[in-house]
Amino acid sequence: ALHGKRSLVLANPFLSGFSTASSIDSPWEVAEHLEEPQPKHDGEYDVHYLGWLLENSFEGILSDPVSSPACITGENLDLLSGAFEAMVQKLTEPAREVREATP
-6 ALHGKRSLVL
4 ANPFLSGFST
14 ASSIDSPWEV
24 AEHLEEPQPK
34 HDGEYDVHYL
44 GWLLENSFEG
54 ILSDPVSSPA
64 CITGENLDLL
74 SGAFEAMVQK
84 LTEPAREVRE
94 ATP
């Protein structure tokens, strides 16, 4: 998606925010999406979106202890609690002014 190629996302829906990516619900939708016109690549938008993703990403494993026992280590729980605290703080701060990009 970052290289402007059509991308279909079956998991991790936040990746479908790129200009050339689409989220699909099942593998049998691939052919249908490939028949559609190629989405227009907007590199500037994608860089801003990537910046937003990084700004809102945190270290840590958010999973269950059966499939990922490392998620319940003290170190990981500290990372996750810090991430949740940071997100709550962001959500309670006054909204920042959003400026539209000018051509």
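Residue numbers (my numbering): -6 to 96. Each residue gets a CB set at the ideal place from its N, CA and C atoms; glycine is no exception.
* Asked: Going by other Cβ atoms of all chains shown within 10 Å of its Cβ, with 16 needed for buried, is A79 buried or exposed?
  -> exposed
* Endpoints, beta strand (DSSP E) assigned at S56 -> S56 -> no beta strand (DSSP E), and no H or E assigned at all.
* Ranges of the alpha helix (DSSP H) found wholly within the segment 11 to 89, counting only runs of at least 4 -> 23 to 27, 36 to 48, 67 to 85
* What is the DSSP secondary structure of L8, counted as helix, strand or coil? -> helix
* To do: Would you tell me roughly how many angstroms separate the C-alpha atoms of V59 and F51, rounded to the nearest one?
  => 22 Å
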